[in-house]
Every structure is written in C-alpha cells, then in structure tokens.
Amino acid sequence: MRSRTAHRALVIAATAGVTLLVTVTPALAREQDAGSDPGESLSPLATLLIFVGIPVGTFLLIVLLVSAGSIARGTRYRPDRVWDATAVEFGMPLQPAPAPELTRPAGADASEPRAVASGGRPEDDQSGGGGISARW
Amino acid sequence: MTSPVAVGSVPAGEAFSPAQQEQINRAIEIAEREGELRFAVYVGATDGDTRVAARALHRQIPARSRAVLVYVDPARRALEIVTGTEASRVLDDRACTLAALAMTSTFSAGDLSGGIADGLRLLGEYAHRPRVLHRDTL
C-alpha cells in the first residue's frame, strides 16, 4: 500500500518536472525570435495578485458557498455539545401558574439508557393521564 | 434555575432556525388535524427532575385532559411525553414509547427538530387510527 502511494507520488513528480523542463525552454531563450513582442513584464504586486490572490479568492469563495447552508440554518444540536439555547415552546397557549414543586431528586433515573414506560408512578396517578420517559 | 414556568413569554430563541420552527409547527398542525387531541412541544433545559417538570408544564395547558406535551431537555438528553386523562385513552403509553424510540434515535443522530417532527407525526397517526370495536381476547 505504501509502495503504491510512493510510486504514485513519484510518477506525478516526474511528470510535472519533465513537463516543466520541456515547456520552459522558450522562456530561457537568450534572444527573442524575430517578430516576437514580449510586452512589459509583470510587477511583483500584479504577479502576486494573479498567481496568489485569484486562487486564494476562489478557494475562499468555494468555502463560503459550501458552508453557507449550515450558517443559514443556525444553531444545530449535537449530542456531544453543551445545550445552552433559550427554551422554546410550540403550540402551547400557556397561562401563568404557581411554580411547580420539584420534590424528586435531580436525575433520579438519569442513567436509564432506554425508553421506559412510567405510567405507574404514584404522582402520575394523581392527575390521571399517562406518558413515558426516555433518554438518548 | 431554569423553571419551565418562567419561560412562558420567551420567544423562540436560537435553538431552532425559522425553517426548523416552521417544521415543528407544521408537524403540530398535521398531528392535530382531524383529531381531537392538542399537541404542545417544549424544548429547554430543566433543573430538577424532568418528569416532574414536564407534568407541571402539562398542568398549565388549558384543557389539559386532551393535551399531549412533548418535553425535550437536550442538555440532559431527556424526553418526556405527558398525556392528559382523555388523551391517554387515545394515545396509550405503548404508542408513546414507540414514538419516543423514533424520536430519541433521531436525536442521537443530531437532528432535534426532525426528531420532534417525526414523533409528532407518529403520535398524530396513532391518535387518528380507527378505534378497535372488537378485540380478540385469545
């Protein structure tokens, strides 16, 4: 596997090097051909702009286009991240009511790894109804 | 202390994008269509027992006996489904457990709004299924 990768890299390097050497010869010519008009040479700034600025700009544009979707979607929940977003509720015409008494200890069954039907709890029977608890 | 009571007037925060909020609202609308149950969703942190907090929140819903509350605490990775007295006749705990399994598996994959929407869709479908008039006892 490693030799194959090395072989591949060697082939690419050799191809690029040979191609460069073959094509660069006109630039190394001592005299200009008759009728050639080389024009003005590029300033260092223009060279940087064309050969560095444009590729970097294109790279940044592509990165922006790729990540634009997730930026627009906003906060995304991830199970391994801390959740500190504001509480949200939907479809709930709430009326102010006295604060609930949280009598049970926190995380009493926090280690429960699966969905557990808990309709039989004593405090559930007081108001009737049902429901379940689940963790993920 | 992040009491669920205190957040009654807090607008939808940064937890969901407008598209995700629309997704959840549409799921509630579809689940409530045709049925007589009312669905509510709460997503937020809880200090204390999530079951107790969820039941306390459910008690505040007007006409709560026909209300179903889906209570999600992403910080504690806890999901509670609370059904009112009449709602529990249509939507028994077995149906809620199945919906909860679907939701928690989607939550584990990092899709909070999608899991909520899926769960609401399932709960709505269970609530809409035709009543069984004759049941085999064997």
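Chains as they are written, first to last, in this note's numbering: chain W, 1 to 136; chain X, 1001 to 1138.
For each residue, glycine too, the CB sits at the ideal point set by N, CA and C.
| Beta-carbon neighbours of Glu1080/X, restricted to chain W and to distances below 7 Å | On the second sequence, position 80 is the one that residue 1080/X refers to. Listed by position along chain W, the residues whose Cβ is nearer than 7 Å to that of Glu1080/X are Gly131, Ser133.
| query | Among Ser70/W, Ala16/W, Arg81/W, which residue has its Cα nearest to the Cα of Ala1075/X? | reply | Position 75 of the second sequence, counted from the start, is the residue given in the question as residue 1075/X. Ranked by Cα distance from Ala1075/X, the first of Ser70/W, Ala16/W, Arg81/W is Arg81/W.
| Endpoints, beta strand (DSSP E) assigned at Ile1081/X | If you number the second sequence from 1, residue 1081/X lands on position 81. Its beta strand (DSSP E) spans residues 1078-1083.
| request: Would you mind sorting Gln32/W into buried or exposed? The rule is 16 or more other CB atoms within 10 Å of its CB. | output: To locate residue 32/W, count along the first sequence from 1; it is residue 32. Exposure of Gln32/W is indicated by the presence of fewer than 16 other C-beta atoms within 10 angstroms of its C-beta.
| Unbroken alpha helix (DSSP H) run spanning Gly1124/X, endpoints | In the second sequence, residue 1124/X corresponds to position 124, counting from 1. Per DSSP, the continuous alpha helix (DSSP H) segment holding Gly1124/X begins and ends at 1112-1128.
| message | Quick check: the Cα distance between His1128/X and Ala1031/X, rounded to an integer number of angstroms? | response | Position 128 of the second sequence holds residue 1128/X. Position 31 of the second sequence holds residue 1031/X. Answer to the nearest angstrom: the Cα atoms are 9 Å apart.
| said: I need the straight-line Cα distance from Gly35/W to Ala46/W, nearest angstrom please. | reply: Working through the first sequence from its first residue, we reach residue 35/W at position 35. Working through the first sequence from its first residue, we reach residue 46/W at position 46. Distance between the alpha carbons of Gly35/W and Ala46/W: 26 Å.
| said: Please tell me whether Glu1014/X has its Cβ less than 8 Å away from any Cβ of chain W. | reply: On the second sequence, residue 1014/X is found 14 positions in, with the first residue counted as 1. Glu1014/X counts as touching chain W.
| 8 Å Cβ shell around Tyr1160/X - same chain, five flanking residues per side excluded | Residue 1160/X falls outside the range modelled here, since chain X spans only 1001 to 1138, and no answer is possible.
| request: For Gly128/W, go through chain X and note every residue whose CB falls closer than 8 Å to its CB, in chain order. | output: If you number the first sequence from 1, residue 128/W lands on position 128. By Cβ distance, chain X contributes Ser1065, Gly1084, Thr1085, Ser1088.
| Bridge partners - Asp80/W, DSSP secondary structure assignment | On the first sequence, residue 80/W is found 80 positions in, with the first residue counted as 1. In the DSSP output, where bridge partners are listed per residue, Asp80/W has none listed.
| Cβ-based neighbour list, Glu1034/X, same chain, cut-off 7 Å, excluding 5 preceding and 5 following | Position 34 of the second sequence, counting from 1, holds the residue named residue 1034/X. Cβ within range, chain order: His1128.
| If you count every other CB in all the chains shown that lies within 10 Å of the CB of Ser41/W, and 16 or more means buried, which is it? | On the first sequence, position 41 is the one that residue 41/W refers to. That one is exposed.
| Taking only beta-carbon atoms, is Asp1118/X less than 8 Å away from chain W? | Counting from 1 along the second sequence, the entry for residue 1118/X is found at position 118. So no, Asp1118/X is outside the interface.
| said: Just to make sure I have the definition right: I need the residues of chain X whose C-beta is within less than 9 Å of the C-beta of Ala198/W. Which are they? | reply: Because chain W here runs from 1 to 136, residue 198/W falls outside it and cannot be looked at.
| query | Which same chain residues, not among the five before or five after Ser1036/X, have their C-beta less than 7 Å away from its C-beta? | reply | Here the question's residue 1036/X lines up with position 36 in the second sequence. Checking the sequence, you will find Glu at residue 1036/X rather than Ser. Arg1066.
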